[in-house]
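Using my numbering, read the sequence shown as starting at 1 and increasing by one per residue. All C-beta atoms, glycine included, are put in the ideal place defined by N, C-alpha and C. Working notes, beginning with the structure itself.
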Amino acid sequence: MNYKNFKNKFHVEGNIASVTALKKDGSELVFQIDTDDVTRIQSMGSWFAEWHKDFNAYTIQNISTLNGSKPLKQSLQTVILNTHPKTPVKHINGNMLDNRKSNLEIVERNQKNQYEKVDENTIAIILTDKYGKPHAKALISPEDLNYVITEEFSWVEYKKNGVIMVIANTPKGRIHLDTLIMKPNECETIHHINLNPLDCRRSNLEIKVIEEI
Numbered sequence: 001m002n003y004k005n006f007k008n009k010f011h012v013e014g015n016i017a018s019v020t021a022l023k024k025d026g027s028e029l030v031f032q033i034d035t036d037d038v039t040r041i042q043s044m045g046s047w048f049a050e051w052h053k054d055f056n057a058y059t060i061q062n063i064s065t066l067n068g069s070k071p072l073k074q075s076l077q078t079v080i081l082n083t084h085p086k087t088p089v090k091h092i093n094g095n096m097l098d099n100r101k102s103n104l105e106i107v108e109r110n111q112k113n114q115y116e117k118v119d120e121n122t123i124a125i126i127l128t129d130k131y132g133k134p135h136a137k138a139l140i141s142p143e144d145l146n147y148v149i150t151e152e153f154s155w156v157e158y159k160k161n162g163v164i165m166v167i168a169n170t171p172k173g174r175i176h177l178d179t180l181i182m183k184p185n186e187c188e189t190i191h192h193i194n195l196n197p198l199d200c201r202r203s204n205l206e207i208k209v210i211e212e213i
């Protein structure tokens, strides 16, 4: 049996429905939804479980046709919240199989970063992925805290051509954390002394003049 065509089994008890789906290996997995979502979820055909590397867990997926378009894979959580299939949705209690509406929250892409004090000379900015999950930390000096952590900036780890950097996308364009702190001119570049691009403490940053070729 193709796990993507399995006829899901629904068991309703009070306000919660437990639904059985299949994994690729044919084994069963049970997820939860609100009872008032059962009719809509059933009408969309088969739901199956697939491993999601970003969450490091199984998520519930469906392949359906919207408005006569080509088949589209979508996650159960985005269907439950009636949002775009690519909208990042967070499972509040961390359980990817608990898809009750009370456990789902759309992740705002421009949230103000959380931070923590490491020691007297170091503040760690919590960098999250597109699903709002913490996945890295950038270091800054305490004197830069009120300047860096504001409603204007949402700092993320960004990788381009294998190079890691800490950036914030703003209406005025992309801003690099080390550039915001050191303010080099157009003839200068910033060097991370310990070669860690996430370490933007002033003691680890030095400005170098760009040599002309």
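Whole-angstrom distance between residue j and residue i, CA atom to CA atom
{"i": "A124", "j": "D98", "result": "31 angstroms"}
{"i": "L29", "j": "Y131", "result": "23 angstroms"}
{"i": "H192", "j": "D119", "result": "20 angstroms"}
{"i": "L198", "j": "N204", "result": "10 angstroms"}
{"i": "L195", "j": "S141", "result": "17 angstroms"}
{"i": "Y3", "j": "V12", "result": "22 angstroms"}
With 16 other Cβ atoms within 10 Å as the buried cut-off, status of residue i
{"i": "R174", "result": "exposed"}
{"i": "T170", "result": "exposed"}
{"i": "V89", "result": "buried"}
Residue i - containing alpha helix (DSSP H), residue span
{"i": "M165", "result": "Per DSSP, M165 belongs to no alpha helix (DSSP H); it is in the beta strand (DSSP E), V163 to T170."}
{"i": "I80", "result": "L76 to I80"}
{"i": "D178", "result": "L177 to M182"}
{"i": "V148", "result": "L145 to V148"}
{"i": "V156", "result": "Segment V156 to K160 is the beta strand (DSSP E) holding V156; no alpha helix (DSSP H) there."}
{"i": "V38", "result": "V38 to S43"}
Residue of the options minimising C-alpha distance to residue i
{"i": "H228", "options": "H191, T83, E157 and E50", "result": "As displayed, the chain neither begins before 1 nor continues past 213, which places residue 228 out of reach and without an answer."}
{"i": "D178", "options": "A168, K172 and C187", "result": "A168"}
{"i": "V38", "options": "A49, F55 and N8", "result": "N8"}
{"i": "N62", "options": "K133, N146, I41 and H52", "result": "I41"}
{"i": "R238", "options": "C187, E143 and L72", "result": "Absent from the structure is residue 238, since the part of the chain shown begins at 1 and ends at 213."}
{"i": "P85", "options": "N93, S75 and R100", "result": "S75"}
Where the beta strand (DSSP E) containing residue i begins and where it ends
{"i": "L139", "result": "P134 to I140"}
Inter-stretch contact (C-beta, 8 angstroms, three-pair minimum) for the stretch 159 to 166 and the stretch 181 to 188: no
Sufficient close CB pairs (3 or more, under 8 angstroms) joining the stretch 29 to 45 to the stretch 74 to 84: yes
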